[in-house]
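Down below is the structure, laid out as structure tokens.
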Amino acid sequence: MKIICIGRNYASHIEELKNERPSEPVVFMKPDSAVLLKQHPFVIPEFSEDVHHELEIIVKINKVGKYIEPKFAHKYYDEISVGIDFTARDLQAKLKEKGLPWEKAKAFDGSAVIGDFLPKNQFVSLENITFELKNNNTTVQEGNSNMMLWSIDELVSYVSQFFTLKIGDIIFTGTPAGVAAVKPNDVLEGFLEGQKLFRIQIK
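Under numbering that gives the first Met the number 0, the first residue of the sequence shown carries the number 0, and numbering increases by one thereafter.
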């Protein structure tokens, strides 16, 4: 499986990091080794002193697809969840300054939290879903899919122009404002429409 991530898909987050608003989706990848194993804590890596949480709606691809039209994109996934794209912000800033790729800051081991998946048909509209991240029982990020610059279906279609989507692939759809550094002993919990789909401890 591969993990395809979308950056800068919420205007609030673009403003938060003072980034330029993109004219098309920003795409980067994580390897399967980035997945944080179930029941495992997230250990802050030695190479960063500023790892940020980024909560995102995620979808799991259920059949092979290439050059998918937006109107057919909904047929290529039937489960959704929330996850975290952990980002070594200090390392990312250094890489961006030099015009270098982000992978070391975005794709390191354990940098992708994947919550329990829910059938998408239990939601009235995937373009109006609320999600939330709590840190030590305090809400630190919240968003709604209606705030996306590109919808889930538009993203599935877009990335399929470049990469053949295969069964089990995961798409991270971007994070809203509220990203912040994590520290040891933090407990992060992710919710989709009020349902808790993951709980992880930071070490």
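Note that CB positions come from ideal geometry on N, CA and C, so glycine has one too.
Note that the structure is a prediction, hence the values are computed from the model and not measured.
Are the beta-carbon atoms belonging to Asp168 and Ile60 less than 8 Å from one another? yes
For Asn143, I'd like the list of residues in its chain whose CB is within less than 7 Å of its CB, leaving aside the five on either flank, ordered along the chain. Asn127, Ile128, Thr129
For a test of the three-state rule: what should DSSP assign to Pro21, helix, strand or coil? coil
By how many angstroms is the C-alpha of Met146 removed from the C-alpha of Ala104? Each residue's alpha carbon lies about 26 Å from the other.
Alpha helix (DSSP H) segment containing Ser80, residue limits: Run containing Ser80: none in the alpha helix (DSSP H); it sits in the beta strand (DSSP E), 76–84.
Is it the case that the Cβ atoms of Phe27 and Gly109 are separated by a distance below 8 Å? no
Among Phe162, Tyr9, Gln160, Leu117, whose alpha-carbon lies nearest the alpha-carbon of Phe197? Of Phe162, Tyr9, Gln160, Leu117, the smallest CA-CA separation from Phe197 is found for Leu117.
When the distance is taken between beta carbons, is Arg88 closer than 8 Å to Asp49? yes
Given that a residue counts as buried once 16 or more other Cβ atoms are within 10 Å of its Cβ, and exposed if not, what is Gly189? buried
CA nearest to the CA of Phe122, picked from Gly193, Gly98, Pro183: Gly193
What does a CB cutoff of less than 7 Å around Leu154 pick up in its chain, not counting 5 residues either side in sequence? Once the five neighbours on either side are set aside, the close Cβ partners of Leu154 are Ile5, Pro24, Ile170, Thr172.
I need the boundaries of the alpha helix (DSSP H) containing Glu192, first residue and last residue. Note, Glu192: premise wrong, no alpha helix (DSSP H); not H, not E.
Local conformation of Phe27 per DSSP, three classes: strand
To the nearest angstrom, report how far apart Leu148 and Lys195 are at their CA atoms. The straight-line gap from Cα to Cα measures roughly 25 Å.
Rounded distance between the beta-carbons of Glu55 and Ser156, thought under 8 Å: Not really, about 18 Å apart at Cβ, beyond 8 Å.
C-alpha distance - Ala180 paired with Glu19, whole-angstrom precision: The alpha-carbon atoms of Ala180 and Glu19 are separated by roughly 22 Å.
Just checking my contact of His39 with Phe85 at CB under 8 Å: how many whole Å lie between their CB atoms? In fact, because the Cβ distance is near 13 Å, the residues do not count as touching under 8 Å.
Pull up the DSSP beta-bridge partners for Lys119, would you. Its beta-bridge partners do not exist; DSSP assigns none.
What is the DSSP secondary structure of His51, reduced to helix, strand or coil? strand
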